[in-house]
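Sequences listed follow chains F and V, in order.
Okay, so the first sequence: first residue is 1 according to this note's numbering, each after it adds one.
Okay, so the second sequence: first residue is 1001 according to this note's numbering, each after it adds one.
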Amino acid sequence: MDASMIFAQFMSGLSRGMMLFLIASGLSLIFGVMNILNFAHAALWLVGAYFCYTFWYLMQGTALGLWLSIILAAIALAAVGWIIEVVLIRRVYNRELSEQLLLTYALVLVIDDLIKIVWGVEDKLIERPPVVADPVFIFGAPLDSYFVFVIIVGFGVAIGLWWFLKKTRYGHIIRASVYSREMVSALGIPIPRIYTGVFAMGIFIAGLAGAIQAPVGSITLGMDMAVIIQAFCVVVIGGLGSLLGTFVASLVVGEVYAFSILFWPEGALVLIFIVTALVLIIRPWGLFGTPVRT
Amino acid sequence: MNRYSWLGLIFIATLILPHVIGEFWIHVAIEILIFGLFAVSFNMLFGYMGQLSFGHAAYFGVGAYATGLLMLKTSVPLPVCLVFSMVAAGVAALIFGYFCVRLTGIYFAILTMAFGQLIYYIIFQWYSFTGGDNGLQGIVPPGWLLNVKNYYYFTIFIVTAALIVMWFISESPFGYTMRAIRDNTERTRFIGINVRKYMLINFVVAGMFAGLAGGLLGPFTRSIAPDLCNWQQSGVPVFMTVIGGPLGFFGPIIGSVIYTFLFAFITGFTEYWPLTIGLVIIFVVLYMPGGILGLVHEKMDFFKFKHLTNDIDKGLEKET
């Protein structure tokens, strides 16, 4: 076990953490603003991956095919998210938590089967374009160059979201609606439109995450099941509704996973559940959440 | 005819059932009973106490493994194994419930899910003891229960006894304390009730009956797998309860009948069961929030049932 191997694991954990952040950030955003835990987030993420595959497949041979597919997939998924929000989510704004959870969980089942119907059961493989096919060498350790891309996108999304929420007018409105729906409404800003926008944005990021995930390994049915649990854990550890918390927790979970593979391979996921349980027991609002929100 | 005569009629009908339906449907009926028990135990937490547990299958699985392991490795008779199942599940529920009842709402749901997954992975990884992802095979019921009709009557006996016990619990002062905790936890605290302790007791009792249901499953399906503990499996009693209606004692059983029957029927000609049940649940959540019982209560005054709140609609509104 030498330094470069540890560094490689660290980078792998970082990349994994970034992937998790891309998924969890949308989830956290939606929960923070709309108070709805979107069980179907990972299922939609998976649809994003499949969208990316289909776009890539159609554009095979064209330059920048993969990169264009990623953007198109994210946009397409945001459109799907928009429709889902207007048709389904809107009806459970004021319902009990259990009904919201059940609705989104049922959505997972529906989406997973629809994926099966549309894309079939075989794994889908995307060929990597030459620019990310070979490993890159940092500090002597070979690193999957695609990981570098993922890490860059992860930081990009994090900074973009931060800038959007802190510096733009729309971000301010969204943050205001978290604190007081009624006041924002009273100021003449339609809350349903905000919610739809936030949901679509969250799903856009999920689509981006799915599309970016697509070239890593292969796209398989059922990938979303493991991911949604990890996303929940991340969001809980970081603090429901806190984007900074989600970012930190994603990296922590990613690194815990990467290093536990070295020392205790079977225990990687168990470790994450234990940490999640500990956070819920000791500090349910997570590392960065506000204690007020229960 | 009052409620009790209807119940009596249905009970007699279930006793006659094996003689009029084919063997396949007897298997379905046993499944309905086992999962009905599982769902009613879940409803003790959901309908009565007002908390959504997304990890209840963990105790179901613990019960299943307890009976399975005892039957495979020892010669303990099945009824005793079932007692062990209840105890094992109860102990697990005590350990994890201790932490879960300190939370409510979404945190409760996620923590129960996290613990459920923990139990799932423990069983999954502990290859030497539990067989890991191979599960346990060849759990054979004792000779007198090999015939499926006999196992059916055995299940009816156990499930009915369990339901009667749970009914008495739900109609006891304890049961009404649960409803009070659900309706207004703070006020219940103010009248001096140790809410956490009561919630824990309820959690353990619910876990024990889930364990009993799990114990019945092993010898029935002859093999069990760690999948019985995961969060997808935890969703099954939730679905059943929501379809049948959480605000009545028999709601989850009605839900089990519909769910299991639908499953047996739909999987007969298509693999897209998740799509089907997903659409059903979406429909129920949007248009039938009280489940079947809620619909009956609303539309048919003829069927009055004793529901769990004074005002069935009030139980479904969110307190703003």
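Glycine included, C-beta positions come from ideal geometry on N, C-alpha and C.
Going by DSSP, isoleucine 152 of chain F is part of the alpha helix (DSSP H) stretching over 145-167.
Taking 8 Å as the upper bound for CB-CB distance, glycine 245 of chain F and leucine 208 of chain F are not in contact here, some 20 Å apart. Between the segment 1074-1087 of chain V and the segment 1183-1194 of chain V there are fewer than three inter-stretch CB-CB distances shorter than 8 Å, so the stretches are not counted as touching.
Residue-level contact by beta carbon fails for leucine 1262 of chain V and chain F, as no gap is shorter than 9 Å. Only residues of its own chain outside the window of five on either side were considered, and among them Tyr1151, Tyr1152, Thr1155, Phe1220 have a CB closer than 7 Å to the CB of isoleucine 1030 of chain V, listed in chain order. Pairing leucine 269 of chain F with valine 236 of chain F gives a Cβ-Cβ distance that is not under 9 Å. Residues are counted here when their Cβ sits less than 8 Å from a Cβ of chain V; for the segment 27-55 of chain F these are Leu37, given in chain order.
As a beta-bridge residue in DSSP terms, valine 136 of chain F pairs with F/Leu143. Distance from the CA atom of leucine 1295 of chain V to the CA atom of arginine 1196 of chain V, rounded to whole angstroms, is 33 Å. Approximately 6 Å separates the beta-carbon atoms of valine 157 of chain F and leucine 22 of chain F; this is inside 8 Å, confirming the contact. Looking at the DSSP output, lysine 1073 of chain V shares a beta bridge with no other residue. Annotation for aspartate 123 of chain F: no alpha helix (DSSP H) segment contains it, and DSSP assigns it neither H nor E. At least one CB of chain V lies nearer than 9 Å to the CB of serine 98 of chain F. Going by beta carbons, phenylalanine 259 of chain F and isoleucine 89 of chain F fall outside the 9 Å limit. Our two residues, serine 1041 of chain V and alanine 1161 of chain V, have alpha carbons roughly 13 Å apart in a direct line.
For the segment 1267-1279 of chain V, the residues whose beta carbon sits under 9 Å from a beta carbon of chain F are, in order, Glu1271, Tyr1272, Trp1273, Pro1274, Leu1275, Thr1276, Ile1277, Gly1278, Leu1279. In this structure, methionine 1240 of chain V lies away from phenylalanine 1209 of chain V, with their beta-carbon atoms at least 9 Å apart. Of the candidates F/Met5, F/Met19, F/Glu99, F/Ile6, the residue whose Cα lies closest to the Cα of isoleucine 212 of chain F is F/Met19. Counting only residues of its own chain and dropping the five nearest sequence neighbours on each side, leucine 1145 of chain V has a CB closer than 8 Å to the CB of Leu1078, Tyr1151, Phe1154, Pro1219.
Classified as exposed, aspartate 123 of chain F has fewer than 16 neighbouring CB atoms from the shown chains inside 10 Å of its CB.
Look at serine 218 of chain F here: in three-state DSSP terms it is strand. For the segment 273-291 of chain F, the beta-carbon criterion of a distance under 8 Å to any beta-carbon of chain V is satisfied by Phe273, Ile274, Thr276, Ala277, Leu280, Ile281, Pro284. Residue pairing by DSSP places isoleucine 1224 of chain V opposite V/Leu1136 in a beta bridge. DSSP places asparagine 35 of chain F outside both helix and strand once states are collapsed to three, so it counts as coil. With a threshold of 9 Å between beta carbons, arginine 91 of chain F makes contact with chain V.
The beta-carbon of arginine 175 of chain F is placed no less than 9 Å from the nearest beta-carbon of chain V.
Legend: CB atoms of the segment 1104-1122 of chain V lying less than 8 Å from CB atoms of chain F belong to residues Thr1104, Gly1105, Ile1106, Tyr1107, Ala1109, Ile1110, Leu1111, Met1113, Ala1114, Phe1115, Gln1117, Leu1118, Tyr1121, Ile1122.
Within 7 Å of the CB of valine 1242 of chain V, the CB atoms of chain F belong to Leu102, in sequence order along the chain. Its chain contains Thr1155, Val1159 as the residues whose beta carbon lies nearer than 6 Å to that of leucine 1033 of chain V, once the 5 sequence neighbours on both sides are disregarded; these appear in chain order.
Our two residues, arginine 1179 of chain V and histidine 1297 of chain V, have alpha carbons roughly 19 Å apart in a direct line. At a Cβ-Cβ threshold of 9 Å, valine 1062 of chain V and alanine 1089 of chain V count as neighbours. In the three-state scheme derived from DSSP, where H, G and I count as helix and E and B as strand, phenylalanine 1269 of chain V is classed as coil. Of the candidates F/Val121, F/Leu278, F/Gly289, F/Ile274, the residue whose Cα lies closest to the Cα of isoleucine 1122 of chain V is F/Ile274.
A check of alpha carbon separations from isoleucine 1266 of chain V across V/Ile1010, V/Val1028, V/Leu1007 identifies V/Val1028 as the nearest. Residues of chain F with a Cβ closer than 8 Å to the Cβ of glycine 1235 of chain V are, in chain order, Tyr105. Closest in alpha carbon position to phenylalanine 1261 of chain V, among V/Gly1097, V/Gly1036, V/Val1148, is V/Gly1036.
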